[in-house]
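Some notes on the structure that comes next.
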Amino acid sequence: MDGFHLPISILKKFKDPENAIKMRGATHTFDAAMVVQLFDFILDTCRYTVDQPAPTTNTETKKSAEQATNPYWKLDKTEIPRLSVPDFNHALKDPTPNGTLIGSTTRVVIFEGLYLMLDGLEKWDEIPNTVRKLRSQTTTTTIANTNTNNSNNNNNTDFMTPTPTPTPSSTPTSASIRMTAPQQRQSDTNINPYPHPHPHVPTVDIWHIKTTTETAQDRVANRHMEAKLCDDLEKAIDRYRFNDFPNGEVVEFGCDSKLVDLVVLN
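Counting from 1, one number per residue, gives the positions in the sequence shown under the UniProt record's numbering.
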């Protein structure tokens with residue numbers, strides 16, 4: 001999520017620029033709309049549909065043979081884009097474009113950041129709301145598939161439909177999410193995570209990483225010194241107490257614990 005910090009040049013245009021820079025890392029100092037857009041883009045590119053049943057042999061047709069041997073056949077034949085995502089340069093103390101590339105065949109994406117499950121705050125709350133809808137759809141799909149299989153074991157039915165393309169962010173930002181069309185790739189017969197090309201239903205697992213206040217203070221204060229944001233430990237601790245600790249409290253009391261799948265004490 002660091003790549004979606006608003007750059008210092010934008011923070012200087014705030015009504016109170018000095019306070020905005022001092023509070024960098026708070027919810028209003030990120031481009032939340034772009035974080036949501038990235039989340040939606042990834043979900044949309046996961047929701048491809050399959051219009052052919054699973055092949056029974058490798059010789060039915062050339063297309064069926066490719067489906068049977070190449071787990072990425074559908075990704076290769078569609079316009080699923082690569083996503084180029086901004087990163088954060090600690091030396092420049094600002095985000096930079098194209099820091100991370102999410103390929104069209106990526107199967108697992110890990111989002112990390114404070115406010116990803118924040119409820120009740122405009123724009124940020126779109127992510128947990130999307131997760132709720134997705135889990136509701138997944139439950140419905142599982143039940144529907146079970147009923148279909150009971151009536152006809154030969155049917156492969158797609159119950160997922162893509163959501164509309166998200167509206168681009170209107171918030172000033174340092175970098176956009178760049179999308180490029182995939183190139184053709186060689187069939188990989190050695191790795192086949194899917195025995196046949198069933199429709200893929202994206203799932204979201206949510207982990208909440210927790211620690212003690214004392215440990216968090218030590219870690220963040222040392223990080224401030226390493227990043228040369230503070231020149232001594234006392235100032236680094238003051239910075240933590242002024243900004244980082246309240247941000248952590250926002251997360252602790254502002255997220256829906258019912259959405260969390262696993263709590264990790266670290």
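The beta-carbon is built from N, C-alpha and C at its ideal position, and this holds for glycine as well. Source: prediction; values computed, not measured.
Three-way DSSP call (helix, strand, coil) for residue i in this model
i: Ala221; result: helix
i: Asp2; result: helix
i: Ala26; result: strand
i: Asn147; result: Interpretation of Asn147 is limited by its pLDDT of 49, a score under 50 that renders its predicted location unreliable; the figure taken from the coordinates is listed afterwards. Of the three classes helix, strand and coil, the one that applies to Asn147 here is helix, per DSSP.
i: Pro202; result: coil
i: Ser136; result: helix
i: Asp119; result: coil
i: Asn266; result: coil
i: Arg241; result: helix
i: Asp16; result: coil
i: Lys210; result: strand
i: Leu83; result: strand
i: Ile42; result: helix
i: Leu101; result: strand
i: Phe88; result: strand
Outcome for residue i when other beta-carbon atoms lying within 10 angstroms are tallied against a minimum of 16
i: Val85; result: buried
i: Ser9; result: exposed
i: Pro17; result: exposed
i: Ala227; result: exposed
i: Asp261; result: exposed
i: Trp124; result: buried
i: Pro246; result: exposed
i: Arg239; result: buried
i: Phe253; result: exposed
i: His233; result: Note on identity: in this sequence residue 233 is Leu, with His being the wrong assignment. So Leu233 counts as exposed.
i: Val108; result: exposed
i: Leu265; result: exposed
i: Ala91; result: exposed
i: Val263; result: exposed
i: Thr45; result: buried
i: Ile209; result: exposed
i: Ser104; result: buried
Sequence-distant residues of the same chain with beta carbon closer than 7 Å to residue i, five excluded per side
i: Met23; result: Thr29, Asn243
i: Val35; result: Met1, Phe4
i: Ala26; result: Asn243, Asn247
i: Glu112; result: Met1
i: Lys12; result: none
Close beta carbons around residue i, own chain, < 6 Å, minus the five adjacent residues each side
i: Ile102; result: Leu83
i: Ala236; result: Ala221, His224, Met225, Cys230
i: Phe14; result: Ala20
i: Arg87; result: According to the sequence displayed, residue 87 carries Asp and not Arg. If we look at Asp87 and ignore the five residues flanking it on each side, its Cβ neighbours are Gly3, Thr96, Gly99, Thr100.
heavy atom of the ligand SAH below 6 Å from residue i C-beta
i: Phe88; result: Inclusion of the ligand SAH in the displayed structure is not the case, the ligand content being empty and no account of it being possible.
With a threshold of 8 Å, are at least 3 pairs of Cβ atoms found where one atom belongs to the region 91-100 and the other to the region 112-126?
no
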